[in-house]
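2 protein chains.
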Amino acid sequence: MAAAAAAAAGGARRAPVLSPGAMNPAVRRVEYAVRGPIAARAAELERELGQGVPKPFTEVIKANIGDAHAMGQQPITFLRQVVALCLCPELQGHPSVPADAEARARRLLAACGGGSAGAYSASPGLQPVREDVARHIERRDGGVPARAEDIFLSAGASDAIVTMLKLLVWGSGPSRTGVLIPIPQYPLYSAALAELDAVSLGYLLNEERRWALDVAELRRALSEGRRRCCPRVLCIINPGNPTGQVQSRECIEDVIRFAFEEKLFLMADEVYQDNVYAEGSTFHSFKKVLMEMGPPYADSVELASFHSISKGFMGECGLRGGYMEVVNLHPEVKAQLAKLVSVRLCPPVPGQLLLDAVVDPPRPGEPSYERFQAEKQAVLSALAERARLTEEILNRTPGISCNPVQGAMYAFPRIQIPARALAAAKEKEQAPDMFFCMRLLEETGICVVPGSGFGQKEGTYHFRMTILPPTEKLKLLLQKLSDFYTKFVREFS
Amino acid sequence: MAAAAAAAAGGARRAPVLSPGAMNPAVRRVEYAVRGPIAARAAELERELGQGVPKPFTEVIKANIGDAHAMGQQPITFLRQVVALCLCPELQGHPSVPADAEARARRLLAACGGGSAGAYSASPGLQPVREDVARHIERRDGGVPARAEDIFLSAGASDAIVTMLKLLVWGSGPSRTGVLIPIPQYPLYSAALAELDAVSLGYLLNEERRWALDVAELRRALSEGRRRCCPRVLCIINPGNPTGQVQSRECIEDVIRFAFEEKLFLMADEVYQDNVYAEGSTFHSFKKVLMEMGPPYADSVELASFHSISKGFMGECGLRGGYMEVVNLHPEVKAQLAKLVSVRLCPPVPGQLLLDAVVDPPRPGEPSYERFQAEKQAVLSALAERARLTEEILNRTPGISCNPVQGAMYAFPRIQIPARALAAAKEKEQAPDMFFCMRLLEETGICVVPGSGFGQKEGTYHFRMTILPPTEKLKLLLQKLSDFYTKFVREFS
């Protein structure tokens, strides 16, 4: 045989089947800045520090990713008790576990196959969790009805967003699906759209008006998009990531009218709905506003909205839990969605269990109530303070300007970059803000993500940083960042 | 505005953007029989039983899906203790938790961001878990080296399989990727390939030779495939799902030579590697055989192999954990893989933690050793007994013939279907084995999956059933099934 001959001949290696030139080009086009070169270099620096390599800093601070626990936020006790007891029921009776956590674990386990969290759940999630999510949405939305059958649990919001896009993206040439996404955006969207080979249609948020969404700009992006594809979807991130704005009810109504008129499917990424800090800012869900607008909007605009256990006050990123609610979805399409999620069997059950404890928290009078409330409020008020601090300290630095962090977990300040730094970046074939962020990382150990990874108006430069480090550390970080920026400007002036 | 006018006019509803005729056609083509119409009807019947609707049975037995815990298998104590303590460290010190479980939880938490399982892990997984997996593979493979950097943790094997296929599937027309898959196959493959718009190229396993894999048949399928696409990938399921065969070392060597000669990327689905029951059957990993074959195979055949915490003796489906090992992957492709998995942030951390306890179990002398071994052996020997029983009882029934269940968790018996039943099925527009399985479900409450959902040689009919129900229940189930089949044949003769 040919192979035996080759082996006998001393082993002619075969060229790879899968090579950079012969692989799915859509995957090559995917970019995800939050875990891109900056994060990779930060991890390297951490290893080097661990090996005793001298650096101008003693610690790498990862302000690149919305990962609250990694920054020292403590888990909410009740949530973890419930999941731990579900996983290991023999730990019941521990003196530190209150009766309501035990009761909740028992109730949830009764809904699991064979009474075990190790059984697959139904593909859209455990039924009682879907019901608890629906009731939670009704409370959130002042009584606007929600139905368990419209709730699909997921492995974090990313999972559900990609699933929904899979249904929506099709066609080729001029009928290829175009998807309107904000600029700046969370790069999951551009990455997923690159992978699915859809057309990203960016609409610019208005930095001068605190990152507000203008329908006029939506209209511009849409008509520009119509010349090259078939725009079918409008994605909104509210509260904004990376921009931190919280949309007004009026703005949401305008967006819904626009989607109605222009025949767009609405995807509302609302994972930061519990993270609203600024006075005068209130979270309005797209679902509630849509329903309250009445027909023809309420009974025909298709909406999928997304939530997650990774953000809010819980910050349980590692458990990969979340849900989407679908509204006005064609029944046959809903059946297709149900089929599609069944191929991956089910969302991770521990994330589903924790989600249940989040959407149906301890009530007044129950043993866990006070501790739960105290822990939750401590997290949220610390975040509110850090949001204020971040804006304040950044704006004190000439050359940096930062909109108020009304919500979410990030500041997205604009930085002036001197002409000589632009030239130096060009020489290194780096985006100017990548050049800045890399220098910042190498000299201070502070890891933030260049604005170019999220998209920004041409000629402007930004970075995204989280507000998650503990308050004292955050103050230090902001001061170091400010000092470094001043030095950077001086160096390149 | 137009919309305002419409609203004022009494609300002309908008046609849906996303409709059965205007959605991704690739999603429409996806089929996943394991959770298809049979499973949906079983769930309905369960609800009806719960509401007191009279049925000819008192219980629905779901032998359609490899979900051990749902069938009553108990979780392995040590595994759960480790994960529960990671999630809720304040439960340390409980009298039922041994010191080694506590120590393991502490070691794993030290590797989590902020010491919390709620932090994102690195996208390929927690580093110490990847290292423990690599050492486990070395022990499994008699010392053949494995490297942590080649291990990518995942949300179950399905997740990793689809990720790998995403890199491999590209091109259009005659250069579209063709993927060789066994027939019968686990329908994740056909579903993923439909979604990715690749060409499925079935190669038939040889039922007469206990579902053996013939290289001659591989060659036939390949050359047939080359006429319409570009075959780039060969998928193997060993031990087989749904067919239960365990491949010989010789067969694996032949397959590797074939992949070398024909320039195919090998994907080895080895999730049932711990589930081998038949005397004389031994699991050989593709990795080990490939490495032991030496150059030019060992240094050039690209291989991705897959494992999971959902099967084996642990059966932890709900936690969604698993890993893949890649061998001879081009370094730039590996970087692309790392980038691709980063978009979804990380695999569920509880599943990673449990995986660690699986691949690095208690050692002799440690407090959990004896209980762990006893629980593990109890599960595996019960499965071995059920495998034997299933084959035996099915083969007693005239018209049913079943190959030995050498491994995995399923029997895939062949059934003769009388001509009048074929006609009745045709009238209902059902596949003949779907017709049989639906009747079986309605009359006995036994839920199994028609062979047509896995693919089968034309003119043959099968079903897949799990061997997971507790032994006494399984005997009863098999007897009922046998009686029903006999009655069915009589009815249609």
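So the sequence lines, in the order shown, correspond to chains A and B.
Residues in the first sequence are numbered from 1 upward in steps of one, following UniProt numbering.
Residues in the second sequence are numbered from 1 upward in steps of one, following UniProt numbering.
All C-beta atoms, glycine included, are put in the ideal place defined by N, C-alpha and C.
Since the model is a prediction, treat every value here as computed from it, not as a measurement.
Secondary structure of residue i, DSSP reduced to three states
| i | result |
| --- | --- |
| A/Tyr272 | coil |
| A/Ala212 | strand |
| A/Val162 | helix |
| A/Ala278 | coil |
| B/Phe313 | coil |
| B/Met434 | helix |
| B/Asn395 | helix |
| B/Arg29 | helix |
| B/Val341 | helix |
| B/Thr177 | strand |
| A/Lys475 | helix |
| B/Ala2 | A caution first: B/Ala2 carries a pLDDT of 45, below 50, which makes its placement in the model unreliable, though a value can still be read off. Helix, per DSSP. |
Limits of the unbroken beta strand (DSSP E) element including residue i
| i | result |
| --- | --- |
| B/Ala304 | Leu303 to Ser308 |
| B/Met324 | Gly322 to Val327 |
| A/Cys230 | Cys230 to Ile237 |
| B/Met465 | Phe463 to Thr466 |
| A/Tyr203 | Val199 to Leu204 |
| A/Ser154 | Ile151 to Ser154 |
Close Cβ partners of residue i (< 7 Å) along its chain, the five nearest in sequence each way excluded
| i | result |
| --- | --- |
| B/Val169 | Thr177, Leu196 and Ala198 |
| A/Asn395 | Ser401 and Cys402 |
| B/Ala298 | Leu290 and Met291 |
| A/Gln92 | Leu85 and Glu102 |
| B/Val30 | Ala191, Ala194 and Glu195 |
| A/Ala9 | Because A/Ala9 carries a pLDDT of 45, less than 50, the predicted location of this residue cannot be relied on, and no value is offered for it. |
| B/Ala5 | Because B/Ala5 carries a pLDDT of 46, less than 50, the predicted location of this residue cannot be relied on, and the following value inherits that uncertainty. None. |
| B/Thr397 | Ser482, Tyr485 and Thr486 |
Cutoff 9 Å: residue i Cβ touching any chain B Cβ
| i | result |
| --- | --- |
| A/Gln185 | no |
| A/Asp100 | no |
| A/Leu153 | no |
| A/His284 | no |
| A/Asp132 | no |
| A/Glu429 | no |
| A/Ala268 | no |
| A/His94 | yes |
| A/Cys251 | no |
| A/Glu195 | yes |
| A/Phe454 | no |
| A/Thr77 | yes |
| A/Met409 | no |
Own chain partners of residue i with C-beta closer than 8 Å, once the 5 adjacent residues on each side are dropped
| i | result |
| --- | --- |
| A/Ile183 | Gly202, Tyr203, Leu204, Leu205, Phe454, Gly455, Gln456 and Lys457 |
| A/Pro124 | Arg130, Ile151, Phe152, Leu153, Ala338 and Val341 |
| B/Arg220 | Tyr203 |
| A/Lys288 | Arg140, Asp141, Gly142 and Val144 |
Segment limits, alpha helix (DSSP H) that includes residue i
| i | result |
| --- | --- |
| B/Gly50 | Pro37 to Gly50 |
| B/Gly351 | Val349 to Val359 |
| B/Met291 | Phe286 to Met293 |
Chain A contact for residue i (CB, 9 Å cutoff)
| i | result |
| --- | --- |
| B/Leu264 | yes |
| B/Asp299 | yes |
| B/Arg320 | yes |
| B/Glu385 | no |
| B/Lys166 | yes |
| B/Val379 | no |
| residue 504 of chain B | Nothing about residue 504 of chain B can be read from this structure; chain B reaches only from 1 to 493. |
| B/Met466 | Just to set this straight, residue 466 of chain B is Thr in the shown sequence, not Met. So, not an interface residue. |
| B/Arg226 | no |
Is the number of C-beta pairs between the segment 311-331 of chain A and the segment 61-77 of chain A that are closer than 8 Å three or more? yes
When the Cβ atoms of the segment 329-345 of chain A are set against those of the segment 271-285 of chain A, are three or more pairs found closer than 8 Å? no
Cβ-based contacts, 7 Å cut-off: residues of the segment 28-60 of chain B near chain D: Among the chains of the structure shown, chain D does not appear; the protein chains present are A and B.
Three or more C-beta pairs closer than 8 Å, one from the segment 355-364 of chain B and one from the segment 131-141 of chain B: is that the case here? yes
Specify whether the segment 224-232 of chain A and the segment 468-480 of chain A touch according to this definition: at least 3 beta carbon pairs, one from each stretch, less than 8 Å apart. no
Is the segment 300-308 of chain A touching the segment 319-330 of chain A, taking contact as three or more C-beta pairs under 8 Å? yes
Does the segment 39-50 of chain B come close enough to the segment 75-83 of chain A that 3 or more CB-CB pairs lie under 8 Å? no
Spell out a yes or no on whether the segment 376-394 of chain A and the segment 411-418 of chain A are touching, meaning 3 or more CB-CB pairs, one atom from each, closer than 8 Å. yes
The segment 12-28 of chain B in contact with the segment 248-266 of chain A per 3-pair CB rule at 8 Å: yes
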